[in-house]
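Each residue of the sequence shown is one higher than the one before, starting from 1074 at the first, in this note's numbering.
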Amino acid sequence: RDLRMSRGLGDVYKRQRLWWFEGIMLICGILSSYLYALNFGICISQIPSIVVFYTLSCLLGSIIAWKVYKNNGVWKLLCYVFLFSTIIYCTIDMILRVVYPNPYGNLFMLFANGLLYWCLCSIFPIIILVFGAKRILRL
């Protein structure tokens, strides 16, 4: 068997696993945003922006986590996903707070509250779905 061919098939399999993982993280972002909406009672008109905001954070964070992750255990992948998603969430949040300033309250307090809400609403979907991805993708 040709070694180059088998290496090529391995790359295809890795890309397929990445896309499966991204699909799972898409679900994670949507679940996180709906947990946020249910727990903190936001109005219906804000739900689409929260869904986009949380889902984008999960998707971009999981892409970076997947690239850094080297099959060293599911807890490491889980921590990477949460860490990078949180960094992306904070970056997007700060950009939006500069572009659309809120006249009510301190910028730091608003950022801290947003970060707290992100952590509370995203940690459980990330834990559950990364462990689900481990089972499905045999990570």
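Just so it is clear, CB atoms sit at the ideal spot from N, CA and C, and this is done for glycine as well. Because the structure is a prediction, the values reported are computed rather than measured.
Using the Cα positions of W1093 and A1185, report the straight-line distance between them to the nearest angstrom.
32 Å
Would you identify the three-state DSSP class for D1075, choosing helix, strand or coil?
Summary for D1075: the model assigns pLDDT 48, below 50, so the residue's position carries little reliability; its value from the coordinates is reported in the next sentence. Coil, per DSSP.
Out of L1104, L1156, I1136, G1146, point me to the one whose CA is closest to Y1127's CA.
L1104
Determine the burial state of G1096: buried for a count of at least 16 other Cβ atoms within 10 Å of its Cβ, exposed for fewer.
exposed
Which residues mark the beginning and the end of the alpha helix (DSSP H) in which R1170 is found?
1147-1172
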